[in-house]
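Worksheet for the structure shown next.
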Amino acid sequence: MFKWVKNRISKRINKEMDGCIIQNLNFVNMIETEEFVFNRNIDQDILNRIYEIKERTKEYDKTKLPGNNFKPHETDELLEMNMHCRNIWTNYFKKNAFDFDKVFSSDDLDNEN
């Protein structure tokens, strides 16, 4: 029975982390669009952090094999990066925190990079 519970929890965490990967990459795509398409002058510190998030998130996306569970440190890092995206959304762009999940869906990647 405990194995069943553990597997169910792991499956839920994996689904959440897969969504976190998609959300992070969708947010990065929005920042890049603002910077390069709409010529918005984004603070260099913000851009540097966004590019770090992009690279780390892509690494997890490429190395995570279907059926494998995320390790605790991977889960922690993905959640921390997602938190940074949310903080940039609310503090730098002055957007509503409740809109983040609506704007950056965790269902589908907006733009395959």
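Position in the sequence shown counted from 1, then plus 417, gives you the working numbering. Just so it is clear, CB atoms sit at the ideal spot from N, CA and C, and this is done for glycine as well. Source: prediction; values computed, not measured.
From what residue to what residue does the alpha helix (DSSP H) around residue i run?
i, result
"Arg-425", "419 to 449"
"Val-520", "517 to 520"
Using C-beta distances below 6 Å, list every residue in its chain close to residue i, excluding the 5 sequence neighbours before and after it, in chain order.
i, result
"Ser-427", "Asn-486"
"Ser-523", "Gly-436, Ile-439, Gln-440"
For residue i, which residues in the same chain have their Cβ closer than 7 Å to its Cβ, ignoring the five residues on either side in sequence?
i, result
"Lys-512", "Trp-506"
"Asn-508", "none"
"Phe-521", "Gln-440, Asn-443, Phe-444"
Could you pull out every residue in the same chain whose Cβ sits closer than 8 Å to the Cβ of residue i, ignoring the five residues on either side in sequence?
i, result
"Asp-525", "Ile-439"
"Ile-430", "Asn-486, Phe-487, Thr-492"
"Arg-473", "Glu-494, Met-498"
Is it a yes or a no for the segment 419 to 435 touching the segment 445 to 460, going by three-plus beta-carbon pairs under 8 Å? Contact between the segment 419 to 435 and the segment 445 to 460 is absent: fewer than three C-beta pairs spanning the two stretches fall below 8 Å.
Quick check for students: name the residue ranges of the alpha helix (DSSP H) that lie wholly in the segment 469 to 512, counting only runs of 4 or more. 489 to 504
Three or more C-beta pairs below 8 Å linking the segment 500 to 512 and the segment 462 to 481: yes
Mind the definition here: the segment 489 to 499 touches the segment 436 to 446 only if three or more C-beta pairs lie below 8 Å; say whether that holds. Touching, per the Cβ criterion.
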